[in-house]
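Just add 8 to the spot in the sequence shown (first one is 1) and you have this note's numbering. Beneath this line is the structure, given in structure tokens, with notes to follow.
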Amino acid sequence: VTTAGVFRQVESQLWPSLRSHIAKLGGPWEVTSGEIRYLHSDGNTSRIIGYSATDPGRAEGWHAENHETAPLLMVVDEAKTVADPLFEAISRCQPTRLLIASSPGGSSGAFYRAFTKEADMWKKHAVTAFDCPHITQKQIDEVIQRYGEKHPLTRSMIYGEFVDIGSESLIINLNQLQNCLTSPPDFKPGTKIAGVDFAAGGDCNVLCVRDGNKVLPITAWRERDTMSAVGRFIVEFKKHGLKAEDIYADASGLGMPMCDALSEAGWEVNRVNFGSTAYDNDAYTNRAAEMWYGMAKKIEAAEIILPEDDELTAQLTCRRSLVNSKGKLGVESKDSMRSRGLASPDKADALALCLDGGNISFDLTFPVEKPTWRSLQ
């Protein structure tokens with residue numbers, strides 16, 4: 009018994025493939041639009057039946073007469089699109105063998121669980137794009153060049169890995185973040201670098217400081233009075249022994265007058281505009297995307313020591329990845345995040361600024377990549 013998420017998959021792809029293989033085998037086969045029969049010499053008949061998975065009730069009623077002499081094989085094609093109720097119906101049939109096949113999908117559903125928390129219950133086989141004769145090396149290279157080796161779309165399309173893709177994809181994967189937290193690198197001290205995110209509305213003022221590859225506990229507070237917030241930042245700068253040239257602040261929106269106020273107080277910090285053009289303009293929509301994806305790479309590679317901070321963890325793992333019509337990587341807007349009931353990722357933005365470090369600081373972990381606005385003046 010074969011099924012798929014839609015009958016078109018059975019009728020237009022699976023069935024023609026079966027017909028072509030049956031023609032090569034020869035023998036007493038009978039093929040119709042929804043059934044294939046094999047007539048045995050002893051008078052018995054084996055059947056292959058195809059139907060769509062839109063109605064779980066249609067999956068019930070199939071049973072093996074004898075698992076040894078008259079077994080039942082059930083095949084679920086494009087299993088990532090098949091809902092759990094159908095798999096529940098199939099399990100009640102108690103098939104002799106169950107084969108489920110699909111390209112990877114999202115991080116939920118029966119097919120996903122078969123390769124994760126229920127992996128011990130299955131005999132698994134993974135097929136990459138390199139194993140498929142109808143996919144050329146040129147096509148593979150184009151995908152990798154467009155999205156990058158570690159992008160979720162590349163990992164799914166080329167390497168057959170389960171990742172969050174499409175509009176639901178996240179820039180930072182929770183599993184990768186947890187691995188970075190639980191298996192941190194050795195501490196490599198260096199110049200103290202800070203990222204500053206100023207509050208807007210009910211958001212938080214945030215100061216994130218790293219010492220080499222170690223991110224210190226993040227300081228965050230709500231303060232509606234601009235001058236009071238500036239004074240608090242200066243106190244925190246001095247407490248950490250920071251220098252103005254090692255501080256990178258968000259200068260977009262409210263950040264501009266805050267940076268001006270710090271400058272008047274003698275703290276000429278590096279100004280970073282999240283909405284400005286990315287250094288790598290061919291790959292990223294703006295600086296925000298460039299810094300967030302840079303941060304994601306450091307977390308994925310477990311290059312940094314992060315503080316235990318549940319709020320930071322939540323903020324890092326909720327922002328969606330976007331790809332525009334030109335193939336550039338972008339980040340979900342804060343308005344979109346608010347529409348989903350999420351707060352502004354203030355701590356995560358400050359961490360991105362801190363890790364990017366204006367791209368002028370260099371140590372064993374963070375090499376020079378691009379000039380800062382200061383060096384261009």
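In this text, a Cβ means the ideal position worked out from N, Cα and C, and glycines have one as well.
Exposure label - residue i; buried when at least 16 CB within 10 Å
i	result
ARG295	buried
MET235	exposed
PRO8	Because the chain is modelled from 9 through 385, residue 8 falls outside the range shown and cannot be assessed.
ASN221	buried
MET129	exposed
PRO103	buried
GLN21	exposed
PHE138	exposed
LEU324	buried
PRO285	The sequence shown places Thr at residue 285, not Pro. Under this definition THR285 is an exposed residue.
TRP23	buried
GLY335	exposed
GLY261	exposed
LEU33	exposed
TYR287	exposed
ARG27	exposed
ASN183	exposed
PRO112	buried
ASP268	exposed
PRO375	Caution applies to PRO375, whose pLDDT of 38 falls short of 50 and renders its modelled position unreliable; the value that the coordinates give is listed next. Exposed: under 16 other Cβ atoms inside 10 Å.
ASP50	exposed
ALA356	buried
ASP364	buried
Secondary structure of residue i, DSSP reduced to three states
i	result
ASP85	strand
LEU337	strand
GLY174	Confidence at GLY174 is low in this model, with a pLDDT of 41, below 50, so its placement is unreliable and the value that follows should be read with caution. Note: GLY174 maps to helix in three-state DSSP.
LEU359	helix
ALA259	coil
ILE143	coil
ALA269	helix
ILE44	strand
THR11	strand
TRP229	strand
GLU68	coil
ASN213	strand
SER152	Residue 152 is actually Ile in this sequence, not Ser. Note: ILE152 maps to helix in three-state DSSP.
GLU76	coil
THR53	strand
Backbone CA spacing between residue i and residue j [nearest angstrom]
i	j	result
THR321	LEU185	8 Å
SER25	ALA31	10 Å
LYS200	MET345	31 Å
VAL223	HIS248	12 Å
LEU47	THR53	5 Å
GLY42	THR10	10 Å
PRO126	SER177	Note on identity: in this sequence residue 126 is Glu, with Pro being the wrong assignment. Cα to Cα, GLU126 sits roughly 23 Å from SER177.
PRO36	ALA97	32 Å
PRO315	ASP233	28 Å
ASN281	THR293	13 Å
GLY274	GLU231	21 Å
beta-carbon residue i near the ligand ZN non-hydrogen atom, thresh 7 Å
i	result
ASN213	This structure does not include the ligand ZN; it has no bound ligands of any sort.
Whole-angstrom C-beta distance between residue j and residue i, which should lie under 8 Å
i	j	result
ALA387	LEU215	It is not possible to answer for residue 387, since the shown part of the chain is limited to 9 through 385.
GLY117	ASP92	7 Å
VAL277	ALA252	5 Å
LEU361	MET299	7 Å
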